[in-house]
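Participant: For the sequence shown, my numbering gives the first residue as 19, with consecutive numbering after it. Beta carbons: idealized from backbone N, C-alpha and C, even for Gly. Just so it is clear, the structure is predicted and the values come from calculations on it, not from any experiment. My structure is below; once you've seen it, I'll send some questions.
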Amino acid sequence: MILGITWSPDSRGILYGRLDFDLAVNPANVQSIWWLDLTSGETAPLFQDPLTPGFNPRWSPDGKRLSYSSINPLEIRIYEMESGDSLSLPTQLGYPGAWSPDGKKLLFLDIDQEKDSFVNKIYSYDLENEWLTALAIEPGYDESFPVWSPDGEWIAL
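Written out as structure tokens, the structure reads:
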């Protein structure tokens with residue numbers, strides 16, 4: 019089963035989430051991220067271990083980084099394509115992040131408790147400064163699926 023497809027910024031390939039139900043191939047029954055090379059038609063797991071859990075892949079605009087959702091624990095991972103380094107942003111929702119147009123920030127959703135209820139709130143992670151900031155739009159307002167304006171000055175939700 020194929021889930022979550024995204025083009026590479028150079029249009030030479032596609033990343034997609036793949037869930038193989040064959041227990042001989044995927045005994046943990048986890049979704050992983052695969053690469054499809056559009057030049058050769060070859061497809062392969064993005065990571066050396068094809069059972070590295072991952073879904074909702076999103077390229078940074080420059081193609082140098084990849085964000086994706088992972089499980090155990092539920093988190094958003096930011097993966098450096100050249101070095102293979104990664105960092106983790108814990109989240110309770112697992113929704114994909116939204117890259118800023120310059121690729122320096124990532125917006126994502128998490129759950130906050132406000133009084134006696136839980137609401138979705140937007141967070142911004144600045145990769146240069148390693149700052150995590152809660153963007154408090156309005157108390158009690160359930161925020162969802164943020165996207166950047168093309169100039170990076172605004173966020174729509």
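What do you reckon, are the CB atoms on Gly112 and Leu92 nearer than 8 Å?
Facilitator: It is a contact, given that the beta carbons lie within the stated cut-off.
Participant: What did DSSP end up calling Phe136 once you bin it into helix, strand or coil?
Facilitator: In the structure shown, Phe136 sits in a strand (DSSP, three-state: E or B).
Participant: Just grab the DSSP bridge partners of Ala42 for me.
Facilitator: Answer is none; Ala42 lacks a bridge partner.
Participant: Sort Asp120, Phe136, Thr151 by Cα distance to Gly169 and report the nearest one.
Facilitator: Contrary to the premise, residue 169 reads as Asp rather than Gly in this sequence. The shortest Cα separation from Asp169 among Asp120, Phe136, Thr151 belongs to Asp120.
Participant: Exposed or buried, what is Thr57 when buried is set at 16 or more other beta-carbons lying within 10 Å of its beta-carbon?
Facilitator: Exposed.
Participant: Considering only the alpha carbon of each residue, which of Asp55, Asp160, Glu146, Ile89 lies closest to Leu127?
Facilitator: Checking every option, the nearest Cα to that of Leu127 belongs to Asp160.
Participant: Enumerate in chain order the residues of its own chain whose CB-to-CB distance from Pro71 is below 6 Å, with the five nearest sequence positions on each side excluded.
Facilitator: Only Val48, Ser88, Ile89 meet the Cβ criterion.
Participant: Determine contact between the segment 95–104 and the segment 25–32, defined as no fewer than three beta-carbon pairs at a distance below 8 Å.
Facilitator: Segments in contact, no.
Participant: What's the C-alpha gap between Leu107 and Thr61?
Facilitator: Whole-angstrom Cα-Cα distance: 28 Å.
Participant: Can you name the residues that DSSP bridges to Ser78?
Facilitator: Paired residues: none, contrary to the question.
Participant: Between Tyr86 and Pro79, is the Cβ-Cβ spacing less than 8 Å?
Facilitator: No, they are not a contact pair.
Participant: So, using beta-carbon positions, are Thr24 and Trp77 closer together than 8 Å?
Facilitator: Cβ atoms of Thr24 and Trp77: closer than 8 Å.
Participant: Which one of Phe136, Leu145, Val137, Glu132 has the shortest CA to CA distance from Ser104?
Facilitator: Closest by alpha carbon: Leu145.
Participant: Using CA atoms only, rank isn't needed, just tell me which of Ala174, Trp149, Asn147, Tyr143 is closest to Ile155.
Facilitator: That would be Ala174, whose Cα lies nearest to the Cα of Ile155.
Participant: Buried or exposed for Lys133, going by 16 or more other Cβ atoms inside 10 Å?
Facilitator: By the 10 Å Cβ count, Lys133 comes out exposed.
Participant: Pick out whichever of Ser50, Ser118, Asp28 has its Cα sitting closest to the Cα of Phe73.
Facilitator: Ranking Ser50, Ser118, Asp28 by Cα distance to Phe73 puts Ser50 first.
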